[in-house]
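Heads up: the sequence shown is residues 1 to 743, going by UniProt numbering.
Glycine residues also receive a C-beta, built at the ideal position from the N, C-alpha and C atoms.
Structure first, commentary second.
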Amino acid sequence: MSIRQTDHPNATPPGQQGSGALIVPRGLAERLAMWSAKRRILVIVLWLLLTTLTYASSYLVPAHEIEDADYLNGESAVAERLVDNAKFDEGAWESVLVQARDGSLDRAAGAAVSKELTSSYHALGTVLSIEGPEFADDGKSMMLSVELDRGTGAERKDPSDIVQPMLDTTEAVEARHPELQIEQVGAGSIRKDFAIQDAKDMRRAELVSIPITLAILLVAFGALAAAGVPLLLGLTAVAAALGISGLVSSLVPVSAFQLSLVLLIGLAVAVDYSLFYVRRQREERAAGRSMHEALLRTAATSGRTVIVSGVAVAVAVAGMFFTGSALFNSLAIGTIVVVAIAVLGSLAVIPATLALLGDKVNTPRIPLLWRRTRISGESRIWNVVLRPALNAPGSTVLLGLALVGVLIAPIADLRLEMPTDDHLPQSYTVVQTRIRLVEAFPSEGSSHTVAVDADPAQREQVRAALTDLMGKATAGGGFSAVDEPRITTSVDGRITRMYVPFPNRVDSPEADQTLRTLRTDLAPAALSGISGATWAVGGATAFSSDVSHVVEERLPLIIGFVLLLSLVVMLLAFRSVIIAAVTTVLNLLSVLASFGVLTFTFQNTWAEDLLGFQSGGFVVAWIPVILFVVLIGLSMDYNVFILSRIREPLHHGRGLRDSIRHGIASSAGVVTSAAVVMVAVFAIFATLSTLEMKQLGVGLVIAILVDITIIRALLLPGILVLLGKSPWKEHKALRRIPSVTHE
1 MSIRQTDHPN ATPPGQQGSG ALIVPRGLAE RLAMWSAKRR ILVIVLWLLL TTLTYASSYL
61 VPAHEIEDAD YLNGESAVAE RLVDNAKFDE GAWESVLVQA RDGSLDRAAG AAVSKELTSS
121 YHALGTVLSI EGPEFADDGK SMMLSVELDR GTGAERKDPS DIVQPMLDTT EAVEARHPEL
181 QIEQVGAGSI RKDFAIQDAK DMRRAELVSI PITLAILLVA FGALAAAGVP LLLGLTAVAA
241 ALGISGLVSS LVPVSAFQLS LVLLIGLAVA VDYSLFYVRR QREERAAGRS MHEALLRTAA
301 TSGRTVIVSG VAVAVAVAGM FFTGSALFNS LAIGTIVVVA IAVLGSLAVI PATLALLGDK
361 VNTPRIPLLW RRTRISGESR IWNVVLRPAL NAPGSTVLLG LALVGVLIAP IADLRLEMPT
421 DDHLPQSYTV VQTRIRLVEA FPSEGSSHTV AVDADPAQRE QVRAALTDLM GKATAGGGFS
481 AVDEPRITTS VDGRITRMYV PFPNRVDSPE ADQTLRTLRT DLAPAALSGI SGATWAVGGA
541 TAFSSDVSHV VEERLPLIIG FVLLLSLVVM LLAFRSVIIA AVTTVLNLLS VLASFGVLTF
601 TFQNTWAEDL LGFQSGGFVV AWIPVILFVV LIGLSMDYNV FILSRIREPL HHGRGLRDSI
661 RHGIASSAGV VTSAAVVMVA VFAIFATLST LEMKQLGVGL VIAILVDITI IRALLLPGIL
721 VLLGKSPWKE HKALRRIPSV THE
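Below is the structure:
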């Protein structure tokens, strides 16, 4: 997709003069732009129709969500699937905690409240059984265990769908007893509270990100219409992507995090792509081109930028498929879909909109901002910033490497884990309830799950073996003592499940040790004598351990695939092994810097109050994978854009330092504007409630800031000066390689 001399922004086609020159479109971007411009109304109407229908489908056709077992890998996945596929004759359990607000809880008063609660719950008609009351040793707490009816077969419901009537009843009883604190917690109430808080987070992200993005675009363009076009494309692209992701969920189930990622990446990428397009079209019009010629030249340059970037991001994100995890498959599909829609919108809808608006795209003008955004060529600020790198490249490169090295250093302590219920935000009411429950009743805390698949005729042998296992576990230390083991057998007698409690957090070293003891010692010793039986140890600790192990095992493969892709794209763009290698290494440095800052920030406590989280001493296992593939994909486009601007004057005989200064300074406006949009959107996600979104937002922000400061101001120009002109000369053996240069 190389652009010949006639494609240069200031070139005139042979035989033609001035802005009225007739240009014949050649490439995909040019042909699509001209087709859309001629049918501008049709294209805009079809786009709005597509967006509306696909988004509406997300409400009309329920999305197929990932099941709990699909998140898992290794032995924990086996245990979860054994339990999920079995039919246990039990419902969803909720624990009701009753505590005196002041002093101790009178047992007679506690018994009376217990009777009132029991009567109220049974009146709901959805309660199967109630156990208790059980009084705690602290003298102020009492607990009831309530089993809710989930239904059977295809009608079996998720706990979060049936818990609300019980929550309302609990609240009503508490209102009648102001001296008591009565609350409940369980799988259903936790999931419901999480869903409510997640929806609030998404609404807040939308409400904050839209005006902030619009404000940045107003500063970049100085006119409301020009600022509104990229924002509208971003919003419609996200809406369409959410609908399409829901439609394809029957093939690739969606995860709870896909919505957040699609909004995060979709808004930033779509706004950036259309920003490239609109800004270049304004430059062409300011240079005296006709509307037709300006659109065509914009398509030939920025249009191809969008294609290269979209393909690069999509292929890089496809690296997540190497994990073999349903979670990563879901995130990859959502990201690829929203990027593809953003590319399509930029290539078709933006040209149609610009053709429809004409020069009215620059209205209404914001007086002060409009004067500031008039086309002014090179950035004077960047001309000053680049002086150290151009005049003292060796020292500047050493300084840049030292700064990046400081940011990367904490990676040595990187610890990957998956968050559990213990890591839900402390601001969640249900999390506070769970903390109080475990403090009063330690046996209600963390536990491992042992699942056994055996012939139904062996059920009693299995139960006896599990009982023996529990006895040895409690006798050996590290596990919680219980009056009798919690053993449940499926209706068909084939699957038997036992909970093995331990008195520590699920992410503690002690929890890891008890997991290893169960898997390598206790379970094999107790169950290996049962003929034909298979077993697995699962639970929250096993889940985190197994997923982290898979990520650590597959991450080198993903890194290798994505870096090779980056190298190939840069080789196609510049036909220079040295330039391709340098840019690939610089991309890697910015990503590693974000990993280092994540480690330093989230594995310590210094930023807890600043970012509103409680450190678990780890980075969420899937965050490095997402960061790596997304950031490498995005940075490839910026590199091609900037390096192409450097190569142009070099090929026209200008000096090396002058070409580097011109290339970086002349591209500073559009690249910086695009980066600021991304930083603003990503930073909003660092303020959300969940640990995953905070880490993703911080990681993306840090990588982009490093890229537009240390990399672009110090390392890139300094290294290019040190390398000299020789890397820019195309090697004879590489001349047959097709070029993808787009500027």
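{"Check": "Identified DSSP bridge partners for Glu183", "Outcome": "Leu97"}
{"Check": "Short Cβ contact (9 Å threshold) for Ser566 with Ala268", "Outcome": "no"}
{"Check": "Simplified DSSP state of Tyr499, which is helix, strand or coil", "Outcome": "strand"}
{"Check": "Candidates Glu174, Ser395, Leu232, of which the one nearest Pro211 by Cα", "Outcome": "Leu232"}
{"Check": "Reduced DSSP secondary structure (H/G/I, E/B, other) of His64", "Outcome": "coil"}
{"Check": "Span of the alpha helix (DSSP H), counted from its first residue to its last, around His549", "Outcome": "540-574"}
{"Check": "Assigned secondary structure, Met142 (DSSP; H/G/I helix, E/B strand, else coil)", "Outcome": "strand"}
{"Check": "Option in Trp93, Ala580, Leu264 with minimal Cα separation from Arg191", "Outcome": "Trp93"}
{"Check": "For Ser726, three-class secondary structure by DSSP", "Outcome": "helix"}
{"Check": "Pairwise C-alpha distance: Leu522 and Ile265", "Outcome": "46 Å"}
{"Check": "For Glu131, the first and last residue of its enclosing beta strand (DSSP E)", "Outcome": "127-135"}
{"Check": "Cα-Cα separation, Arg613 to Pro425", "Outcome": "A small correction: the amino acid at residue 613 is Phe; Arg does not occupy that position in the sequence shown. For Phe613 and Pro425, the distance between alpha carbons rounds to 7 Å."}
{"Check": "Chain-order list of residues whose beta-carbon lies under 8 Å from that of Asp609 (same chain, five-residue window excluded)", "Outcome": "none"}
{"Check": "Inter-residue spacing [alpha-carbon to alpha-carbon] between Leu50 and Gly27", "Outcome": "25 Å"}
{"Check": "Pro367 versus Phe221 - alpha carbon distance", "Outcome": "11 Å"}
{"Check": "Extent of the continuous beta strand (DSSP E) to which Ile487 belongs", "Outcome": "486-489"}
{"Check": "DSSP three-state assignment for Asp453, whether helix, strand or coil", "Outcome": "strand"}
{"Check": "Assigned exposure category for Gly18 - 16 Cβ within 10 Å defines buried", "Outcome": "Unreliable positioning characterises Gly18 in this predicted model, as indicated by a pLDDT of 37, which lies under 50. A coordinate reading is not provided."}
{"Check": "Beta-carbon proximity check, residue 762 vs Arg150, cutoff 9 Å", "Outcome": "The structure shown does not extend to residue 762, since the chain spans only 1 to 743, so no value can be given for it."}
{"Check": "Per DSSP, cross-strand counterpart(s) of Trp535", "Outcome": "Val452"}
{"Check": "Nearest-angstrom Cα separation, counted from Glu116 out to Val146", "Outcome": "14 Å"}
{"Check": "For Leu656, three-class secondary structure by DSSP", "Outcome": "helix"}
{"Check": "At least 3 beta-carbon pairs within less than 8 Å: the segment 321-340 vs the segment 646-659", "Outcome": "no"}
{"Check": "Run of the alpha helix (DSSP H) containing Asn587, from where it starts to where it stops", "Outcome": "577-602"}
{"Check": "Contact belief for Gly243 with Tyr55 at Cβ below 8 Å, rounded distance in angstroms", "Outcome": "4 Å"}
{"Check": "Beta-carbon separation (whole angstroms), Pro133 vs Leu148, contact threshold 8 Å", "Outcome": "The Cβ separation is near 18 Å, so there is no contact."}
{"Check": "Buried or exposed by the 16-neighbour rule on C-beta atoms within 10 Å, applied to Leu207", "Outcome": "exposed"}
{"Check": "Beta-carbon separation (whole angstroms), Ala451 vs Ser141, contact threshold 8 Å", "Outcome": "The Cβ separation is near 31 Å, so there is no contact."}
{"Check": "Short Cβ contact (9 Å threshold) for Ala680 with Ala299", "Outcome": "no"}
{"Check": "Closest Cα partner of Asn391 within the set Ala713, Val569, Glu730, Pro727", "Outcome": "Ala713"}
{"Check": "For Ser330: DSSP bridge partner residues", "Outcome": "None; Ser330 has no bridge partner."}
{"Check": "Strand pairing of Pro365, partner residues [DSSP]", "Outcome": "It is Arg, not Pro, that sits at residue 365 in the sequence shown. According to DSSP, Arg365 bridges with Ala223."}
{"Check": "Buried or exposed (CB count within 10 angstroms, at least 16 for buried), Asn604", "Outcome": "exposed"}
{"Check": "Secondary structure of residue 754, DSSP reduced to three states", "Outcome": "A question about residue 754 goes unanswered here, because the residues of the chain that appear run from 1 up to 743."}
{"Check": "Nearest-angstrom Cα separation, counted from Thr52 out to Val254", "Outcome": "20 Å"}
{"Check": "Contained alpha helix (DSSP H) runs [length at least 4] in the segment 630-714, N- to C-terminal order", "Outcome": "656-685, 691-706"}
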